[in-house]
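Undergrad: Mind having a look at this structure? Questions to follow.
Number of protein chains: 2
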Amino acid sequence: MKQFEILKNAPILDGIPEEEFDFLITSLNCQLKNYPKDYIVLKEGTHLKRTGFLIQGALRQYCNHYWDNPIELSTLQPGTLFALSFQVDKEISLVSYQTLCHTVILWFDLEPLFEFKDEKGYHRRLISNLLQAMNEQNQQLLAHRTHLSQPTTREKILSYLSLESLRQQADEFDIPFDRQGLADYLCVERSAMSKELSKLKSDGYLITSKNHFKLLKP
Amino acid sequence: MKQFEILKNAPILDGIPEEEFDFLITSLNCQLKNYPKDYIVLKEGTHLKRTGFLIQGALRQYCNHYWDNPIELSTLQPGTLFALSFQVDKEISLVSYQTLCHTVILWFDLEPLFEFKDEKGYHRRLISNLLQAMNEQNQQLLAHRTHLSQPTTREKILSYLSLESLRQQADEFDIPFDRQGLADYLCVERSAMSKELSKLKSDGYLITSKNHFKLLKP
DNA sequence: TTCATTTTGTTGTTTTTCCAACAAACACAG
DNA sequence: CTGTGTTTGTTGGAAAAACAACAAAATGAA
Chain A
10 MKQFEILKNA PILDGIPEEE FDFLITSLNC QLKNYPKDYI VLKEGTHLKR TGFLIQGALR
70 QYCNHYWDNP IELSTLQPGT LFALSFQVDK EISLVSYQTL CHTVILWFDL EPLFEFKDEK
130 GYHRRLISNL LQAMNEQNQQ LLAHRTHLSQ PTTREKILSY LSLESLRQQA DEFDIPFDRQ
190 GLADYLCVER SAMSKELSKL KSDGYLITSK NHFKLLKP
Chain B
10 MKQFEILKNA PILDGIPEEE FDFLITSLNC QLKNYPKDYI VLKEGTHLKR TGFLIQGALR
70 QYCNHYWDNP IELSTLQPGT LFALSFQVDK EISLVSYQTL CHTVILWFDL EPLFEFKDEK
130 GYHRRLISNL LQAMNEQNQQ LLAHRTHLSQ PTTREKILSY LSLESLRQQA DEFDIPFDRQ
190 GLADYLCVER SAMSKELSKL KSDGYLITSK NHFKLLKP
């Protein structure tokens, strides 16, 4: 079954044997729910209760705050956790989630993970995986914010490329974006970015063809 | 002793009784180190090994990638965790840390937390606290990135204010910034922001005096 | 209170980015 | 190969933001 495959391969369950899933399903009070297209699964401003794990379908993550000026955040793919809260009924959700098609979500409680009924250590393993997932997301957010903090398009590009160079430990590398994708990621105009890339080329900062970049010290 | 106070009150040790600290110090292989002013504690591109907890002093967090174009990220205050890694010797640090004054750092290992020697559950408690801290940072980064993603100064302001309104559950609230601080946070010019705030006022979007804001639906 | 300092708002100029339109290069199915 | 659709680079005018300089207001210490 396809749904089970996604669950089985989720990083969050890494290191936990399948025969223990039943134990987890019971102790975390799991509940599988189906939603039709365009259904608002969670509305911003409401109290966070249970954690969601997207099994099938797609979720649109967005804000629509005070002045009804909707802001798109991202589209969640199967295998993603969302709506985490560690102080149930104290935290409120700052974002909304809406289904983009027929969607299946596994809801569960986090609290049992923090209680003392974990003879085999699988709760702790689950928490560790959670921690790791969150750490990764953190790194990505931190990097993205660093680029967006740069004042000009040129500096945004340089910030992105030099981090990518460090990450890939090379001064020559591929990037996972086409031009439009990179512009969206850096929140600038594609044409302005293209202009700036040309300048950088003629200034001797880099050589590029398609999504392959080679950095130079001019 | 002041250093111990900071440790004792750190959110990361919440719920763990003082008499258990010795146990943690031993099992996590803790090590206290002193650094002089301007010392580079960790350089970007090097492998992450141990986790740091800033006890005393201040750390400048910055990047200086390929083209030696330094980028300031933040200044860490006592009580902050940094240089976390969950795959020792696989992850590299994407940022550097430099002391701004005489600084004391507690270094420790994370791995023991994920092993099976936790009779009283304090390792798990520590992990939970870690998870919570990381979740909070995540929320803040996500919010910040959302604001920075907005194309214009006006939209950055509106994004920030409407989120703040949601967070504080009121259409009237104080913000923790002065004008310059808000401009820095939103990565825009103070004067341009001031201009835009004036426009928003005359357009009937808000009333403000000092750091108190009241939102209106025009 | 007065005076010095900091914060905030305003204005005009310069610079940068956005936007729209188009041409060249490329990708690919028939 | 040809033709179609997409991606990329380029350009010029419009809009916005940055910058600099200054005035008004608020703050805080003597």
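If you read the sequences in order, they're chains A and B.
For the first sequence, my numbering begins at 10 and goes up steadily by one.
For the second sequence, my numbering begins at 10 and goes up steadily by one.
The beta-carbon is built from N, C-alpha and C at its ideal position, and this holds for glycine as well.
Predicted model, so just to flag it, every value in this text is computed and none were measured.
Could you tell me whether the Cβ atoms of residue 40 of chain B and residue 117 of chain B are closer together than 9 Å?
TA: Counting from one through the second sequence, the residue named residue 40 of chain B turns up at place 31. Counting from one through the second sequence, the residue named residue 117 of chain B turns up at place 108. Yes. Within cutoff.
Undergrad: Does the distance from the CB of residue 109 of chain B to the CB of residue 84 of chain B come in under 9 Å?
TA: Here residue 109 of chain B corresponds to residue number 100 of the second sequence, with the count starting at 1. Here residue 84 of chain B corresponds to residue number 75 of the second sequence, with the count starting at 1. Contact flag set, yes.
Undergrad: Determine contact between the stretch 191-200 of chain A and the stretch 16-28 of chain B, defined as no fewer than three beta-carbon pairs at a distance below 8 Å.
TA: Contact between the stretch 191-200 of chain A and the stretch 16-28 of chain B is absent, because fewer than three Cβ pairs lie under 8 Å.
Undergrad: Buried or exposed, going by whether 16 or more other CB atoms sit within 10 Å of the CB of residue 120 of chain A?
TA: Here residue 120 of chain A is taken as the residue at index 111 of the first sequence, counted from 1. By the 10 Å Cβ count, residue 120 of chain A comes out exposed.
Undergrad: Who are the neighbours of residue 154 of chain B on chain A, taking C-beta pairs under 7 Å?
TA: Here residue 154 of chain B corresponds to residue number 145 of the second sequence, with the count starting at 1. Chain A residues near residue 154 of chain B: 150, 153, 154, 157.
Undergrad: How close, in whole Å, do the beta carbons of residue 49 of chain B and residue 105 of chain B come, if the pair is a contact with beta carbons under 8 Å?
TA: By 1-based counting over the second sequence, the position of residue 49 of chain B is 40. By 1-based counting over the second sequence, the position of residue 105 of chain B is 96. The pair is a contact, with the Cβ atoms about 6 Å apart (cut-off 8 Å).
Undergrad: Taking one C-beta from the stretch 23-35 of chain B and one from the stretch 54-64 of chain B each time, how about it: are there three or more such pairs within less than 8 Å?
TA: With a cut-off of 8 Å, the stretch 54-64 of chain B and the stretch 23-35 of chain B do not count as touching, because too few Cβ pairs lie within range.
Undergrad: Residues of chain B with CB under 9 Å from residue 72 of chain A, in chain order?
TA: Here residue 72 of chain A is taken as the residue at index 63 of the first sequence, counted from 1. Near residue 72 of chain A (Cβ distances below 9 Å), the residues of chain B are 155, 168, 171, 172, 175.
Undergrad: For the candidate residues A/112, A/211, A/184, whose alpha-carbon lies nearest to that of residue 12 of chain A?
TA: Along the first sequence, read from residue 1 onward, the residue named residue 12 of chain A stands at position 3. Of the candidates A/112, A/211, A/184, the one whose C-alpha sits nearest the C-alpha of residue 12 of chain A is A/112.
Undergrad: Taking three-plus beta-carbon pairs below 8 Å as touching, is the stretch 217-227 of chain A in contact with the stretch 164-183 of chain A?
TA: Flag = yes, the stretch 217-227 of chain A and the stretch 164-183 of chain A touch.
Undergrad: With a threshold of 8 Å on Cβ separation, who are the neighbours of residue 152 of chain A within its own chain once the five nearest residues in sequence on each side are excluded?
TA: To locate residue 152 of chain A, count along the first sequence from 1; it is residue 143. Same-chain partners within the cutoff: 172.
Undergrad: Starting from residue 136 of chain B, find everything on chain A with Cβ-Cβ shorter than 8 Å and list it in chain order.
TA: To locate residue 136 of chain B, count along the second sequence from 1; it is residue 127. Simply 133, 136, 137, 140.
Undergrad: Kindly indicate the opening and closing residues of the alpha helix (DSSP H) around residue 148 of chain B.
TA: Position 139 of the second sequence, counting from 1, holds the residue named residue 148 of chain B. Where residue 148 of chain B is concerned, the enclosing alpha helix (DSSP H) stretches over 131-158.
Undergrad: Which parts of the stretch 155-198 of chain A are runs of the beta strand (DSSP E), unbroken and 3 residues or longer, counting only runs that do not cross its ends?
TA: For the stretch 155-198 of chain A, whole beta strand (DSSP E) runs of length 3 or above, ordered along the chain, are 181-183.
Undergrad: Given a limit of 8 Å on CB to CB distance, which residues of the stretch 178-203 of chain B reach chain A?
TA: Cβ contacts with chain A: 178, 180, 196.
Undergrad: Run down chain A in chain order and give the residues with a C-beta less than 7 Å from the C-beta of residue 80 of chain B.
TA: Reading the second sequence from its first residue, position 71 is the one you call residue 80 of chain B. Neighbours of residue 80 of chain B on chain A, chain order: 155, 168.
Undergrad: In the stretch 45-75 of chain A, which residues sit with their C-beta less than 8 Å from some C-beta in chain B, listed in chain order?
TA: If the cut-off is 8 Å between Cβ atoms, the stretch 45-75 of chain A has 53, 54, 72, 74, 75 near chain B.
Undergrad: Which residue from A/55, A/93, A/206, A/99 puts its Cα closest to that of residue 166 of chain A?
TA: Residue 166 of chain A sits at position 157 when you count from the first residue of the first sequence. Residue 166 of chain A has its Cα closest to that of A/206, out of A/55, A/93, A/206, A/99.
Undergrad: For residue 113 of chain A, which residues does DSSP report across the bridge?
TA: In the first sequence, the residue the question calls residue 113 of chain A occupies position 104. Partner(s): A/43, A/65.
Undergrad: From the beta carbon of residue 146 of chain A, is the nearest beta carbon of chain B less than 9 Å away?
TA: Locating residue 146 of chain A in the first sequence gives position 137, where the first residue counts as 1. Residue 146 of chain A counts as touching chain B.
Undergrad: Could you compute how far the alpha carbon of residue 213 of chain A sits from the alpha carbon of residue 197 of chain B?
TA: By 1-based counting over the first sequence, the position of residue 213 of chain A is 204. By 1-based counting over the second sequence, the position of residue 197 of chain B is 188. Those two C-alpha atoms are separated by around 29 Å.
Undergrad: Note down, in chain order, each residue of its chain lying with its Cβ closer than 8 Å to the Cβ of residue 181 of chain A, except the 5 sequence neighbours on either side.
TA: For the purposes of this step, residue 181 of chain A is identified with residue 172 of the first sequence, where counting begins at 1. Taken in chain order, the residues that qualify are 221, 222, 223, 224.
Undergrad: Can you pull the DSSP bridge partners for residue 91 of chain A?
TA: Counting from 1 along the first sequence, the entry for residue 91 of chain A is found at position 82. Looking at the DSSP assignment, residue 91 of chain A forms a beta bridge with A/61.
Undergrad: In the DSSP output, which residue or residues are listed as bridge partners for residue 222 of chain B?
TA: By 1-based counting over the second sequence, the position of residue 222 of chain B is 213. DSSP lists B/182, B/217 as partners of residue 222 of chain B.
Undergrad: Is residue 102 of chain B helix, strand or coil by DSSP?
TA: If you number the second sequence from 1, residue 102 of chain B lands on position 93. The answer is coil: DSSP assigns residue 102 of chain B none of H, G, I, E or B.
Undergrad: Tell me which same chain residues have a C-beta within less than 7 Å of the C-beta of residue 122 of chain B, skipping the five on either side of it?
TA: Numbered from its first residue, the second sequence carries residue 122 of chain B at position 113. Within the same chain, residue 122 of chain B has close Cβ partners 132, 135, 136.
Undergrad: Would residue 97 of chain B and residue 37 of chain B be called neighbours here (beta carbons separated by less than 9 Å)?
TA: The count along the second sequence starts at 1 and reaches residue 97 of chain B at position 88. The count along the second sequence starts at 1 and reaches residue 37 of chain B at position 28. No, the pair does not count as a contact, with Cβ atoms beyond the cut-off.
Undergrad: Which residues in the same chain as residue 216 of chain B place their Cβ atom closer than 8 Å to its Cβ, once the five residues preceding and following it in sequence are excluded?
TA: Counted from its first residue, the second sequence places residue 216 of chain B at position 207. So the qualifying residues of the chain are 210, 222, 223, 225.
Undergrad: How long is the line joining the alpha carbons of residue 178 of chain A and residue 72 of chain B, rounded to whole angstroms?
TA: Sequence index remark: in the first sequence, residue 178 of chain A carries index 169 (1-based). Sequence index remark: in the second sequence, residue 72 of chain B carries index 63 (1-based). If I take the Cα positions, the gap works out to 15 Å.
Undergrad: Check the Cβ-Cβ distances between residue 164 of chain A and every residue of chain B, and say whether any is below 9 Å.
TA: Mapped onto the first sequence, residue 164 of chain A falls at position 155. Judged by the 9 Å Cβ criterion, residue 164 of chain A is in contact with chain B.
Undergrad: Quick one: what does DSSP say residue 124 of chain B is sitting in, helix, strand or coil?
TA: By 1-based counting over the second sequence, the position of residue 124 of chain B is 115. Note: residue 124 of chain B maps to coil in three-state DSSP.
Undergrad: Below 8 Å CB to CB, which residues in the same chain sit around residue 154 of chain B once its five sequence neighbours on both sides are set aside?
TA: Reading the second sequence from its first residue, position 145 is the one you call residue 154 of chain B. Excluding sequence neighbours, residue 154 of chain B sits near nothing in its chain.
Undergrad: In terms of residue numbering, what span does the beta strand (DSSP E) encompassing residue 84 of chain B cover?
TA: Indexing the second sequence from 1 puts residue 84 of chain B at position 75. From DSSP, the beta strand (DSSP E) with residue 84 of chain B extends over 80-85.
Undergrad: Whole angstroms is fine: what's the gap from residue 91 of chain A's alpha carbon to residue 77 of chain A's?
TA: In the first sequence, residue 91 of chain A corresponds to position 82, counting from 1. In the first sequence, residue 77 of chain A corresponds to position 68, counting from 1. For residue 91 of chain A and residue 77 of chain A, the distance between alpha carbons rounds to 23 Å.
Undergrad: For chain A, is any of its Cβ atoms less than 9 Å away from the one on residue 160 of chain B?
TA: Start at 1 with the first residue of the second sequence, and residue 160 of chain B comes out as number 151. With 9 Å as the cut-off, residue 160 of chain B counts as an interface residue toward chain A.
Undergrad: Judging by CA-CA distance, which residue of B/100, B/160, B/187, B/115 is the nearest neighbour of residue 144 of chain A?
TA: Here residue 144 of chain A corresponds to residue number 135 of the first sequence, with the count starting at 1. Answer by Cα proximity: B/100.
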